[in-house]
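When you line the sequence shown up against the numbering used here, it's residues 54 to 127, in that order. Backbone N, C-alpha and C fix where the C-beta goes; we use that ideal spot for every residue, glycine too.
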Amino acid sequence: MRDPTNQALEAVAKLSPPAAVTTYSQVFNLSLADWVAALTIIYTLLQITLLVRDRLVRRRRKTDIVPQEDDHDE
Numbered sequence: 054m055r056d057p058t059n060q061a062l063e064a065v066a067k068l069s070p071p072a073a074v075t076t077y078s079q080v081f082n083l084s085l086a087d088w089v090a091a092l093t094i095i096y097t098l099l100q101i102t103l104l105v106r107d108r109l110v111r112r113r114r115k116t117d118i119v120p121q122e123d124d125h126d127e
């Protein structure tokens with residue numbers, strides 16, 4: 054038999070995302086399509102920021118460079 058506390062926590066976990074979307078939709082008066090568009094824009098901006106930081110801003114450390122083997126050894 055399962056613990057009643059675990060059952061209650063599972064029920065809350067299953068109900069939380071829809072409840073949060075419904076609450077925020079009512080508070081900010083946004084439809085689900087608007088939420089998806091806003092979250093997509095935020096996700097895209099986050100990915101662009103991380104890409105720029107990794108490629109342009111961060112300097113490669115000496116420990117990041119993989120030494121190449123020379124083919125001249127005989």
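On the three-state DSSP scale, how would you describe Ser84? coil
Please state if the CB of Val74 and the CB of Leu85 are separated by a distance shorter than 8 angstroms. Yes.
If I measure Cβ to Cβ from Phe81 and keep anything under 7 angstroms in the same chain, skipping five residues before and after, which residues do I get? Same-chain partners within the cutoff: there are none.
Three-way DSSP call (helix, strand, coil) for Asp56 in this model: coil
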